[in-house]
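Below is one structure, written out as structure tokens; comments come after it.
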Amino acid sequence: MVSQIQKSIQLVALMTAALVWANATAVCQEFKIETAIYAGDAKLPVAQNVTLFQNDLIVDLKVDFANPPNVLETKIYDSRQKKVTLLDHARSIRLEISDNRLLQMVDGLRRDISQKKDLQFLVSEVFEETEELETSRIVLKSPTIRYQVEGQRPTDSNYLPIHGEFLDIFTRLSASDPGGFPPFARLRLNESIKKMGWIPTSVEIEMGANALVPKGVKMKSTHVLIDGLSTDDLAKIEAAKKQWLGYPVVNLLKFRGIDQTASADNQSGETTATK
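Just so you know, the sequence shown maps onto residues -26 to -1, 1 to 249 in mature numbering (1 follows the signal peptide of the UniProt record, and there is no 0).
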């Protein structure tokens, strides 16, 4: 009887140790993705980003082409607090939006677009999906929009949950920007990327002429996944944290420059932009 109890205790101890080890492994994921964005058939990028993943924190840096590059814009997502923060370095201000508020903005934009006949396709477009597993490629095609994604499975599958959050949160952010592209088609693409368990290596979009882009659009982004974070990467994260804490919070209208008279005393950071 005593032997059986001892075996049970040992089994519980082993299971507990395994769980602790698994959790420690899951929360110690550090990696980065370097992104370059190309317009049309251009050979040189028009923009580039470095996205740093450290446990539950994502720091996305839009950088210029200097050597070393300067940080132009910073976006921070805290998965634990379910909040995204945008830093405007030129004005030293920040905007904070909760996940729930961002979802409300997306729903509001969906209702607005649904009422405009010439833009309804942005919400209602139906995509045909083709999976080319031998080339790690997905193609999504509708009457107006065509996406092509090439991807890779990360060496560590623990990257995928936080990367999936990154895809959706940063796509939804466009709903907070009057000049942003509506997120609905890209959110549909995100579903396919997450389903495949991939991190994209390239994403191409072609859109025919329509009421939103009369001349159509063709864009491509390339993505390089790098395991681990360098000392320089960690320093960038610490600098972003200090700016996060040091910049005063403003509301959405002021941050987006929609209402230049908006009071800096309004600290909600979640006012919906009117159109």
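Think of the CB as a built atom: it goes at the ideal place given N, C-alpha and C, for glycine as much as any other residue. Values in this document were obtained by computation on a predicted structure and should not be read as measured data.
Where K56 sits in the DSSP three-state scheme
Mapped onto the sequence shown, residue 56 falls at position 82. In the three-state DSSP reduction, K56 falls in the coil class, being neither helix nor strand.
For the beta strand (DSSP E) containing Q126, name the first residue and the last one.
In the sequence shown, the residue the question calls residue 126 occupies position 152. Here the beta strand (DSSP E) through Q126 covers I119 to Q126.
Specify whether the segment 38 to 58 and the segment 187 to 199 touch according to this definition: at least 3 beta carbon pairs, one from each stretch, less than 8 Å apart.
no
What is the residue span of the alpha helix (DSSP H) that D142 lies within?
Residue mapping note: residue 142 aligns to position 168 of the sequence shown, counting from 1. Run containing D142: Y133 to R146, per the alpha helix (DSSP H) assignment.
With 16 as the cutoff for other CB atoms within 10 Å, does T205 come out buried or exposed?
If you number the sequence shown from 1, residue 205 lands on position 231. Residue environment analysis places T205 among the exposed positions, since fewer than 16 neighbouring C-beta atoms fall within 10 angstroms of its C-beta.
Cross-strand partners of I211 (DSSP beta bridge):
Taking the sequence shown and counting its residues from 1, one reaches residue 211 at position 237. Paired residues: none, contrary to the question.
Alpha carbon of T48 to alpha carbon of D62, nearest angstrom
Along the sequence shown, one-based indexing puts residue 48 at 74. Along the sequence shown, one-based indexing puts residue 62 at 88. Straight-line Cα distance between these residues: approximately 7 Å.
Taking the alpha helix (DSSP H) that residue 250 belongs to, which residues open and close that run?
A question about residue 250 goes unanswered here, because the residues of the chain that appear run from -26 up to 249.
Taking contact to mean 3 or more Cβ pairs, one atom from each stretch, closer than 8 Å, check whether the segment 100 to 109 and the segment 147 to 154 are in contact.
Cβ pair count under 8 Å is below three, so no.
Please report the distance separating the alpha-carbon of K115 from that of Y121.
Here residue 115 refers to the residue found at position 141 when the sequence shown is read from its first residue. Here residue 121 refers to the residue found at position 147 when the sequence shown is read from its first residue. Distance between the alpha carbons of K115 and Y121 is about 6 Å.
Counting along the chain, where does the alpha helix (DSSP H) carrying D130 start and finish?
Residue numbering aside, residue 130 sits at position 156 when the sequence shown is read from its first letter. No alpha helix (DSSP H) holds D130; DSSP gives it neither H nor E.
Note down the Cα distance separating L217 from I211, rounded to an integer number of angstroms.
Numbered from its first residue, the sequence shown carries residue 217 at position 243. Numbered from its first residue, the sequence shown carries residue 211 at position 237. What sits at residue 217 in the sequence shown is Gln, not Leu. Cα-Cα distance, rounded: 10 Å.
Best match in L141, L46 and G182 for proximity to P22 [C-alpha to C-alpha]:
As a position in the sequence shown, residue 22 is number 48, starting the count at 1. It should be pointed out that residue 22 corresponds to Gln in this sequence rather than to Pro. Measuring from the Cα of Q22, the nearest candidate turns out to be L46.
Measure the alpha-carbon distance for N132 versus Q3 and round it to whole angstroms.
Numbered from 1 along the sequence shown, position 158 holds the residue referred to as residue 132. Numbered from 1 along the sequence shown, position 29 holds the residue referred to as residue 3. The straight-line gap from Cα to Cα measures roughly 7 Å.
Specify the secondary structure class of F5 as computed by DSSP and reduced to three states.
In the sequence shown, the residue the question calls residue 5 occupies position 31. Strand at F5.
Evaluate the contact criterion for the segment 217 to 228 versus the segment 57 to 73: three or more CB pairs, one atom per stretch, below 8 Å.
yes
Is K17 buried or exposed, if buried means 16 or more other CB atoms sit within 10 Å of its CB?
Counting from one through the sequence shown, the residue named residue 17 turns up at place 43. Under this definition K17 is an exposed residue.
The alpha helix (DSSP H) with S176 in it runs from where to where?
Position 202 of the sequence shown holds residue 176. Element bounds for S176: not the alpha helix (DSSP H) but the beta strand (DSSP E), I173 to M181.
Please specify which runs of the beta strand (DSSP E), each continuous and at least 3 residues long, are wholly inside the segment 5 to 48, giving them in chain order.
21 to 28 and 31 to 37
Near K169, which residues of its chain fall below 8 Å by C-beta distance, leaving aside the five closest residues on each side in sequence?
Within the sequence shown, the letter at position 195 stands for residue 169. Setting aside the 5 residues that flank it on each side, K169 has no residue in the same chain whose C-beta is closer than 8 Å to its C-beta.
Entirely within the segment 69 to 106 and at least 4 residues each: give me those alpha helix (DSSP H) ranges in chain order.
73 to 88 and 95 to 98
Using a C-beta cutoff of 7 Å, does S110 count as contacting chain C?
As a matter of chain content, chain C is missing from the structure shown, which is built from one protein chain.
Backbone CA spacing between I179 and V113 [nearest angstrom]
Taking the first residue of the sequence shown as position 1, residue 179 is located at position 205. Taking the first residue of the sequence shown as position 1, residue 113 is located at position 139. When rounded, the distance between both Cα atoms is 10 Å.
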